[in-house]
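A quick write-up on the structure given underneath.
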Amino acid sequence: MKQNEGKIGIKEYLAIITLTVGTKLSDDTPTIIFEDARNAGWIAVLLMGGMAFIPIILMIKVFSAHQDKNLHEIIIHLFGRFFGNIISIALLVVGLASVTVDSGTYIDIIGTLYFTKTPQSIIYVVLLLVCAYGAKRGIQQIGSMAWVLLPYLKLTLLFAIIFSFGSGHFDFIFPIWGEGKLEILKSSVQNVSIFSDLLFIGLIAPLVTSFKDFKKGTIIGLFIVILEISLAMISFVMLFDYTTAELLNYPFHETIRYIQVGFLPNVETLFFPFWLVATFIRFSFYLYISAVLLGGILKIEEFEYLIPLITTVIFLVGLAPDSPSILLYIIRQKLLMLISPAFLFLPPLMWLIAKIRGDFKNEAVQESS
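With positions in the sequence shown counted from 1, the corresponding number in the working numbering is that position plus 48.
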């Protein structure tokens, strides 16, 4: 990875985390969680956050001993080049599969709820072209745009949640444990990988101005997105009841379509631009870190030139499904279940190997520098 790449501060880094993970409350993630956890989906999110905290803290611990390396470089260091590349290739494959499915989901949202007369292939082309351009501009531009957009996006989200709390029914969240504690635990274990972006974000760790900013931004970002998604899950249940919410493909967008402000019709058009720009930023970042990882595997310093190739692959694969809203939902469920064990066990394994190798001996010296 090029060490002369422009760096980002904690504000931009935190904005990237909250946009990439936090915006998952606006896709079909809540519906997937509701399927098992029912009206206790918000508790499942809190439990997922608790589960995610352990591997994330261990990952940060490993990075503290290798502050000049990104995730791929640390994996190579710990597992050796052969096994390290196998692990990185596996991460790249599941990462690209997730980006393909997620982008298809967002195209379905745009095409079915907002631009109903526009062919989805055209929407897909526009989305990926804009995101590829954003990724090519580099991490500094992505971080700056994320930071500029962040307050507007969070204000609209806060407004939607407050409206839902005011118009909803508090008794809909009962029984508090939904279908039972076992179902909540099942949903949490299966879907904890909704926070796996915080593993992949280690690919830009050396591009954060300091390790302290990386550590602080990662932990604060995790707590912010846990709170956001949990509150959103409560608001969906209060507004629709879980029996309706779990049948909605995209509860957030149904929520903003439900909002009425005085004489203003189509209030969702006030929310849509901010959400759309956040979508561009999110997938620009995904394309960027995919290029970083592929460049590391292939030993290509100028990894930005891989962005058009990655974008083309995602576009061709993403156009394949004939029934996006159904097929993409099923594939995304399977991907979450597949990635969750890797997310839970890879960082602890990295920490254990680093401990055995004695990598933490010089940690205090590196942190003080």
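Ideal Cβ placement from N, Cα and C applies to all residues, glycine included.
Can you name, in chain order, every residue of its own chain whose Cβ lies under 7 Å from the Cβ of residue i, other than the five neighbours on each side?
i	result
residue 264	58
residue 352	184, 339
residue 282	90, 221
residue 149	376, 379, 380, 383
residue 279	209
residue 367	169, 172
Ordered along the chain, which non-local residues of its own chain (more than five positions away) have a Cβ less than 6 Å from that of residue i?
i	result
residue 384	239, 241
residue 123	132, 135, 136
residue 61	256, 265
residue 208	303, 304
residue 253	111, 118, 262
residue 277	73, 93
With H, G and I counted as helix, E and B as strand and the rest as coil, what does DSSP make of residue i?
i	result
residue 108	helix
residue 416	With a pLDDT of 49 at residue 416, under the threshold of 50, the modelled position of this residue cannot be trusted; read the value that follows with caution. In the structure shown, residue 416 sits in a helix (DSSP, three-state: H, G or I).
residue 381	helix
residue 72	helix
residue 367	coil
residue 117	coil
residue 156	helix
residue 150	helix
residue 435	As displayed, the chain neither begins before 49 nor continues past 417, which places residue 435 out of reach and without an answer.
residue 95	helix
residue 296	coil
residue 63	helix
Tell me the residue span of the alpha helix (DSSP H) that contains residue i.
i	result
residue 17	With the chain running from 49 to 417 in the structure shown, residue 17 is simply not present.
residue 239	229–239
residue 300	299–306
residue 82	77–85
Provide the residue(s) that pair with residue i in DSSP beta bridges, ordered along the chain.
i	result
residue 142	Paired residue(s): none; residue 142 is not in a bridge.
Considering only residues of the same chain and omitting the five flanking positions on each side of residue i, which have a CB-CB separation below 8 Å?
i	result
residue 147	331, 334, 335, 338, 362
residue 54	186, 187, 188, 255
residue 405	126
residue 101	270
Taking 7 Å as the CB-CB limit, is residue i close to chain D?
i	result
residue 385	Considering every chain present, this structure includes no chain D. It has just one protein chain.
Taking only runs of the alpha helix (DSSP H) that begin and end inside the region 313–362, which ones reach a length of at least 4 residues, in chain order?
-> 316–346
4-residue-minimum alpha helix (DSSP H) runs that sit fully inside the region 206–294, ordered along the chain | 229–239, 245–248, 259–288, 290–293
Can you list, in chain order, the stretches of the alpha helix (DSSP H) that have 4 or more residues and sit fully within the region 162–195?
-> 168–185
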